[in-house]
Amino acid sequence: MSFKLRFPAALLALAAIAPLHASAADPAPGPIYMGASYGFRASTGLDCVPGQNDCDKSSKRNGKAYVGYSFDALPFQGGVALPSIELVGYMGGEVKSGFDTGAGRRAGRGKFTGLGMQGVLGYQFDAFTLSGRLGAAYTQGKVDYLGGGSDKKDKIGLTYGIGAAYALNKNWALHLDWDRVPVKYSSKQTTKVDMFSLGASYRF
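The sequence shown lines up with residues -24 to -1, 1 to 180 when you count with mature numbering (1 follows the signal peptide of the UniProt record, and there is no 0).
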């Protein structure tokens, strides 16, 4: 079974067993949580080289993992405001496109990894939570050019995003997120990756 099929299957299995887990865990969960998401699409904003074969400006097999700490909830407009802070790691899958260099645009395959810290403000009503995120991340982009050679560059920049979550019980929740992550593939090629992801989190 491929990775693309295994991940949704794992989420369905999680949704099935989570209520059983909750019945054995009566104490209220604490402030620490962790989660992971599969990025089913990540738009890079790159442009293909004219005549480039097999060009795809959206990378595949992206993902993120995070651990967070929630502060005290505050009543707000019939729900509660949930401030949190998160340490998050990013993985950007391969994108086949054109990359700007000092010698012009060249076809290649690019990837990135990153680590960031962000503040999260959520608004919870019943089992649903809507949230916004703002922080900073250090990313490292790498591109292998089809004609030979490679580049690797680091970047520090702002990250931000929005998300929606549905609580299966007091511990488990499913998440749908959008994150914008800054990436520098070469000295001339900087972009912002828009990652759309689906995942789950567990609150201890």
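Even for Gly, the Cβ is constructed at its ideal location relative to N, Cα and C.
Fair warning: this is a prediction, and the values are worked out from it, not measured in the lab.
Let me know the secondary structure DSSP gives Ala113 once reduced to three states.
strand
I'd like to know whether the C-beta atoms of Pro5 and Lys146 end up nearer to each other than 8 Å.
yes
Smallest Cα separation from Gly68: which of Gln165, Pro3, Tyr178 and Lys40?
Lys40
Between Gly175 and Ser13, is the Cβ-Cβ spacing less than 8 Å?
yes
Roughly how many angstroms separate the alpha carbons of Val96 and Ile132, rounded to a whole number?
19 Å
If we call anything under 8 Å between Cβ atoms a contact, is Ala83 one with Gln28?
yes
Note down the Cα distance separating Tyr161 from Arg17, rounded to an integer number of angstroms.
19 Å
Kindly indicate which residue of Ser173, Tyr45, Tyr9 and Pro51 has the alpha-carbon position closest to the one of Ile61.
Tyr45
Let me know the secondary structure DSSP gives Val25 once reduced to three states.
coil
For Pro7, which of helix, strand or coil comes out of DSSP?
coil
Proximity of Asp130 and Trp154 at Cβ, strictly below 8 Å:
no
CA-to-CA distance, Arg156 to Ala49, given in whole angstroms
26 Å
In chain order, which alpha helix (DSSP H) runs of at least 4 residues are fully inside the segment 92 to 153?
none
Answer yes or no: do Tyr42 and Leu58 have a C-beta to C-beta separation smaller than 8 Å?
no
According to the neighbour-count rule (16 or more other Cβ atoms, all chains shown, within 10 Å of its Cβ), is Lys87 buried or exposed?
buried
Out of curiosity, what's the CA-to-CA distance linking Arg37 and Cys31?
16 Å
Output yes or no for whether 8 Å exceeds the beta carbon distance between Ala141 and His151.
yes
Which partner residues of Ala18 appear in the DSSP bridge assignment?
Ser35 and Met171
Close Cβ partners of Pro(-17) (< 7 Å) along its chain, the five nearest in sequence each way excluded:
A caution first: Pro(-17) carries a pLDDT of 49, below 50, which makes its placement in the model unreliable, though a value can still be read off. Counting only Cβ-Cβ distances below 7 Å, and skipping sequence neighbours, we find nothing.
Compute the beta-carbon to beta-carbon distance between Gly111 and Gly90, rounded to the nearest angstrom, for a pair I have assumed lies under 8 Å.
About 11 Å separates the two Cβ atoms, so there is no contact after all.
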